[in-house]
Ligand code: SF4
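Residue numbers (my numbering): 8 to 76.
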């Protein structure tokens with residue numbers, strides 16, 4: 008069982024909090040100014056980063072869901 012991250016690019020306002028909270032999971036597209044999801048299925052080691060990024064996004068553009076195996 009793992010988790011799956013989803014980024015709503017339309018909702019993203021480019022605050023870049025997710026890059027700070029989850030540098031292994033997110034990048035910022037210099038052209039669009041919006042976040043890019045680098046890894047939709049965070050490893051267990053990256054779980055804390057994923058949850059921090061969800062909490063840290065002011066635009067609520069990141070969702071995390073539990074995937075059943
Ligand atoms: S924190 Fe949210 S609004 Fe900011 S860049 Fe990341 S996804 Fe976009």
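Note that the Cβ used here is the ideal one computed from N, Cα and C, for glycine as well.
Cβ separation of residue 43 and residue 53, assumed to be a contact under 8 Å, to the nearest whole Å: Residue 43 to residue 53, Cβ: 16 Å. No contact.
Chain-order list of residues whose beta-carbon lies under 6 Å from that of residue 61 (same chain, five-residue window excluded): 69, 71
Exposure label - residue 57; buried when at least 16 CB within 10 Å: buried
Cβ pair residue 41, residue 64 closer than 8 Å: no
Given residue 74 as reference, the closest of 50, 66, 17, 59 once Cα atoms are compared: 50
8 Å Cβ cutoff met for residue 55 and residue 11: no
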